Amino acid sequence: MASTGLLKLESDAKIADASRRLGMPRREFLQFCATVAAGLGLPPGAEAAVAEAVATKKRPSVIWLHFQECTGCTESLLRAEHPTLERLILDVISLDYHETLFAAAGHQVEQARKKAMADNKGAYVLVIEGAIPTRDGGIYCKIGGQTAIELARECAADAAAVIAIGSCASWGGMPSTDPNPTGASGVAEVLGKPVATIPGCPPNPYNFLSTVVHFLTFGALPPVDQLGRPQFAYSRLVHENCERRAHFDAGRFAMNFGDEGHRKGYCLYKLGCKGPETYANCPTILFGDAGAGTWPVGCGHPCIGCTEQGVGFTKPIHMLAKVRNVEPPQQYPRIVEEQGVGATMGSAATLAAVAGAAAGAGAMVARNLGVSHQQAEEAERARTASEKTEA
Amino acid sequence: MSAQSHAKPAAVGGSLFNATTLICGVLIAVMAAIVLVRLVFGLGATTNLNDGYSWGIWVVVDVFIGSALACGGFSVALLVYIFNKGEYHPLVRPALLGSLFGYTLAGAAITFDLGRWWNFWHIFWPGYFNVNSVMFEVAACITLYIIVMWIEFSPVFLEKLGLHDARKKLEKILYIFIALGVVLPMMHQASLGTMLVVMGGQVNALWQTPMQPLLYLLSAITLGYGVVLFESCVAASAYRRQIEVQMLNPLARVMLGIMAVYLLVRFADLAVRGVLGQAFQLNGIALTFWIENACYIAPFLLIGTVAARRNPARLFLAGVAVMLGGILLRLNGFLIAFDTGPGWTYFPSVPELLVTIGVFAAEILGYIIITRRFPVLPREEAYAQPAHG
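Line by line, the protein sequences give chains C and X. Each residue of the first sequence is one higher than the last, beginning at 1 in the working numbering. Each residue of the second sequence is one higher than the last, beginning at 392 in the working numbering.
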């Protein structure tokens with residue numbers, strides 16, 4: 001089935017060419033394709049489609065714009081390891097315009113962008129990194145004399161798909177923090193139409209990569225949530241798969257940075273961790289390909305909620321998160337629960353006194369009633385007797 | 392109504408200060424102090440409740456037993472208004488008074504037992520209703536019944552205050568409240584039995600039966616008559632009044648009839664479910680089962696004949712036996728034969744006992760004050776006659 005699909009491809013000449021081109025062993029290339037397909041949550045068989053697409057399809061043209069940002073997203077992408085991104089991003093896609101990575105500069109580069117747009121009209125992928133300033137006509141960010149707004153609109157007009165990478169491009173991110181002097185906005189807001197967003201500060205490179213490969217394989221972007229985030233990466237709370245979740249459930253919290261609980265790796269919720277209200281796959285795919293624990297919470301820092309509009313760069317880091325799934329109780333049951341005490345001297349005596357008093361009073365009432373009844377009966381008998389004698 | 396043909400009710404009069412009222416006052420003060428501590432420092436500070444026994448005597452005695460003992464008003468109203476036995480009418484007001492206090496205090500006592508008592512109003516707020524809950528049925532029904540009872544009883548206050556126009560207007564629509572006053576307790580006294588059913592396997596098989604709602608209802612009705620017997624005898628004894636034996640005699644017969652039905656259902660159910668054998672094992676559970684049922688059988692021996700029913704002492708003892716039987720039915724089901732697993736035990740703490748005693752003291756004090764100052768008991772001429780007719 002699926003595996004046989006991949007196995008067949010193993011001896012395929014196209015696959016061999018592709019793996020040679022990418023500078024990775026054939027088996028590693030196929031493993032990469034299978035990992036991407038699995039990461040996207042695709043059905044069995046899709047890994048073969050991915051491998052075939054990467055090996056045979058014309059590399060899609062990608063135009064990458066930078067606006068109000070720190071280039072952290074690009075830096076993050078450069079550190080992807082399997083395979084090294086410079087190989088993949090240069091060989092799997094045709095990166096026709098990227099300010100950071102281009103050796104050329106000035107009019108030459110702008111020319112390259114215009115040519116790529118004209119050559120691949122309606123077929124290229126536009127990636128935008130950074131927020132777009134909108135105040136005062138958008139004058140706070142200009143490239144080649146054009147404002148960011150103009151550039152974004154011009155490039156988006158003929159794009160097959162628009163991907164906003166990073167929190168800044170997704171909704172404004174850090175530059176849009178109050179009082180937001182430049183009117184920094186997300187791409188979707190400026191273009192007036194929904195776009196796929198890969199929020200994060202920086203976003204995980206594999207989330208971006210998987211989105212691009214999905215586009216390459218199926219000609220469309222993967223399913224997204226209401227904020228444009230691909231569901232394969234952003235449908236679960238950080239809290240759900242957090243390695244410290246057991247501590248949360250058990251009520252073991254770090255209360256201060258460096259305290260005993262913090263050193264022991266307890267839950268960071270009470271230090272302001274936003275994992276309980278942030279949707280991202282950080283705890284499952286980690287960062288930097290460096291192994292276990294390589295993500296913020298794993299290193300002992302609370303999640304700041306960078307993938308969540310209204311949380312990251314908005315809520316103070318120390319502020320308690322609003323737990324979206326299960327609120328922790330105010331108190332936890334004791335490990336050894338008291339099972340109750342039996343009768344004590346005092347309680348038994350009190351109960352006995354009440355019972356005794358009630359029984360005594362009852363007996364007295366019954367006796368008095370009985371006596372008066374007897375007297376009444378006797379009086380009755382005496383009266384009938386005297387009536388008889390009179391008669 | 393049929394009240395016209397009987398002696399009109401009148402206030403007993405006399406001083407409100409005597410040894411009984413004084414003791415009641417002290418017990419109520421003690422209860423108030425403990426309740427204050429409980430409301431501020433919580434259930435753990437005052438009770439022996441634990442995770443195994445989340446219901447103690449405050450629920451089982453104050454509410455379950457308290458409200459069952461307060462069924463006198465309902466049982467007598469059933470007889471007078473539904474079965475049109477007007478001759479029992481003089482018993483309605485005193486019985487209703489006992490019910491009024493029993494239920495009002497049961498409603499108040501449930502507040503002491505709520506962990507987060509300041510949320511008590513949630514049950515009356517539509518947004519919080521859980522219409523599938525038997526607890527909700529009981530809470531809503533008891534609350535309505537308390538309101539209905541105060542309306543039913545309000546002619547007494549209107550008479551005392553001389554508001555005769557208001558009383559006449561009220562009496563025109565009073566039949567609605569009388570009807571409600573019979574329906575509502577039938578609903579929730581049965582539901583109190585349902586609560587035992589939903590406790591599942593924690594309840595001993597001798598008490599765990601789907602027939603429990605019917606048993607609770609039947610036992611509540613008999614308890615009502617038992618309390619009337621008890622209350623009439625005690626009131627006569629304490630106030631040195633004549634005993635209404637001519638009414639109590641046939642009333643006791645009605646009670647015996649319902650008790651026979653009760654015993655039939657009780658033992659037939661045990662036999663059909665095949666657990667009757669458990670009643671013949673040598674253990675405490677079987678013992679308390681037989682004490683409970685002995686209390687139900689005793690009245691047949693005490694007041695089985697018309698002649699025996701003429702003796703107020705026997706009527707009194709029969710009333711006490713019925714009350715004890717009803718009390719034990721509830722205590723056994725919810726506490727004594729209630730097993731939540733190994734290790735769990737419960738016995739009420741001294742503060743818990745004192746609060747429950749205080750609740751009953753409040754009922755007695757209230758009864759004394761109202762009967763001495765308001766027209767409840769039938770007017771009594773100066774009799775030189777014997778204590779029965």
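Note that beta-carbon positions come from the ideal geometry of N, C-alpha and C, so glycine has one too. Quantities reported herein were computed from a predicted structural model and do not represent experimental measurements.
| query | result |
| --- | --- |
| Measure from the C-beta of Asn702 (chain X) to each C-beta in chain C and report whether the shortest distance is under 8 Å. | yes |
| Within 8 Å (strictly less), CB to CB, does Tyr737 (chain X) reach chain C? | yes |
| Between the C-alpha atoms of Leu583 (chain X) and Leu647 (chain X), what's the straight-line distance to the nearest angstrom? | 23 Å |
| Measuring CA to CA, which of X:Arg644, X:Ala596, X:Ala436 is closest to Gly506 (chain X)? | X:Ala436 |
| Alpha carbon to alpha carbon, how far is Phe215 (chain C) from Leu30 (chain C)? Give it in angstroms, no decimals. | 18 Å |
| Compare the C-alpha of Asn180 (chain C) against each of C:Thr314, C:Ser76, C:His66 and name the closest. | C:Thr314 |
| Is Ala164 (chain C) near Tyr124 (chain C), with beta carbons less than 8 Å apart? | no |
| May I ask you to report which of helix, strand or coil DSSP gives Phe729 (chain X)? | strand |
| DSSP on Trp516 (chain X), reduced to helix/strand/coil? | coil |
| According to DSSP, is Ile143 (chain C) helix, strand or coil? | strand |
| Going by C-alpha to C-alpha distance, which of X:Ile567, X:Asp556, X:Phe527, X:Ala689 sits closest to Met540 (chain X)? | X:Ile567 |
| Taking the beta strand (DSSP E) that Cys177 (chain C) belongs to, which residues open and close that run? | What sits at residue 177 (chain C) in the sequence shown is Thr, not Cys. Segment: none, Thr177 (chain C) is in no beta strand (DSSP E) and carries neither H nor E. |
| Would you be able to state if there are at least three C-beta pairs under 8 Å between the segment 729–748 of chain X and the segment 436–448 of chain X? | yes |
| Measure the C-alpha to C-alpha separation of Thr438 (chain X) and Asn510 (chain X) and round it to an integer number of angstroms. | 20 Å |
| Count the other C-beta atoms from every protein chain shown that fall within 10 angstroms of the C-beta of Ala196 (chain C), then say buried if there are 16 or more, exposed otherwise. | buried |
| At a Cβ cut of 9 Å, what residues of the segment 438–457 of chain X count as close to chain C, listed as they run along the chain? | Asn439, Leu440, Asn441, Asp442, Gly443, Tyr444 |
| Quick one: which residues of the segment 330–347 of chain C get their C-beta closer than 8 Å to a C-beta of chain X? List them in chain order. | Pro333, Glu337, Glu338, Gln339, Gly340, Val341, Gly342, Ala343, Thr344, Gly346, Ser347 |
| Looking only at its chain, what residues have a beta carbon closer than 6 Å to the beta carbon of Met809 (chain X), apart from the 5 residues adjacent to it on each side? | The question about residue 809 (chain X) has no answer here: the residues shown for chain X are numbered 392 through 780. |
| Express the C-alpha separation of Pro641 (chain X) and Thr696 (chain X) in angstroms, rounding to a whole number. | 11 Å |
| Which parts of the segment 116–170 of chain C are runs of the alpha helix (DSSP H), unbroken and 4 residues or longer, counting only runs that do not cross its ends? | 148–157 |
| Determine the chain C residues that contact Gly642 (chain X) at a beta-carbon separation under 9 Å, and present them in chain order. | Note that residue 642 (chain X) corresponds to Leu in the displayed sequence, not to Gly. Chain C residues near Leu642 (chain X): none, gap ~16 Å exceeds 9 Å. |
| Using CA coordinates, which residue listed in C:Ala157, C:Ala49, C:Trp295 is at the minimum distance from Leu9 (chain C)? | C:Ala49 |
| Counting only Cβ pairs nearer than 7 Å, list the residues of chain X close to Ala366 (chain C). | Ala704, Phe707, Leu708 |
| Which bits of chain X does Tyr354 (chain C) rub up against, with CB to CB less than 8 Å? | Note that residue 354 (chain C) is Val in the sequence shown here, rather than Tyr. Chain X residues near Val354 (chain C): Leu744, Ile748. |
| Thinking C-alpha only, which one of X:Ala626, X:Leu575, X:Leu715, X:Asn702 is nearest Val529 (chain X)? | X:Leu575 |
| Short of 7 Å Cβ to Cβ, which residues in the segment 619–632 of chain X face chain C? | Cys624, Val625, Ser628 |
| Assign Ala184 (chain C) to one of three DSSP states: helix, strand, or coil. | strand |
| List, in order along the chain, the chain C residues whose C-beta lies closer than 7 Å to that of Val741 (chain X)? | Gly346, Ser347, Thr350 |
| Can the beta-carbon of Phe765 (chain X) be found closer than 8 Å to that of Val547 (chain X)? | yes |
| If you measure between the beta carbons of Gly275 (chain C) and Cys303 (chain C), is that distance less than 8 Å? | yes |
| Is the CB-CB distance between Ile649 (chain X) and Leu609 (chain X) below 8 Å? | yes |
| According to a CB-to-CB cut-off of less than 8 Å, which residues of the segment 707–734 of chain X neighbour chain C? | Phe707, Leu708, Val711, Gly734 |
| Enumerate in chain order the residues of its own chain whose CB-to-CB distance from Phe691 (chain X) is below 7 Å, with the five nearest sequence positions on each side excluded. | Leu647 |
| Short of 8 Å Cβ to Cβ, which residues in the segment 259–270 of chain C face chain D? | Absent from the structure: chain D. Protein chains present are C and X. |
| Just to confirm my understanding: we take Gly144 (chain C), look at its own chain, exclude 5 residues before and 5 after, and list those with CB closer than 6 Å. What are they? | Glu110 |
| Flag Leu9 (chain C) as yes when its Cβ comes closer than 7 Å to any non-hydrogen atom of the ligand FMN, and as no otherwise. | Of the ligands one can find in the structure shown there are none, so the ligand FMN has no counterpart to examine. |
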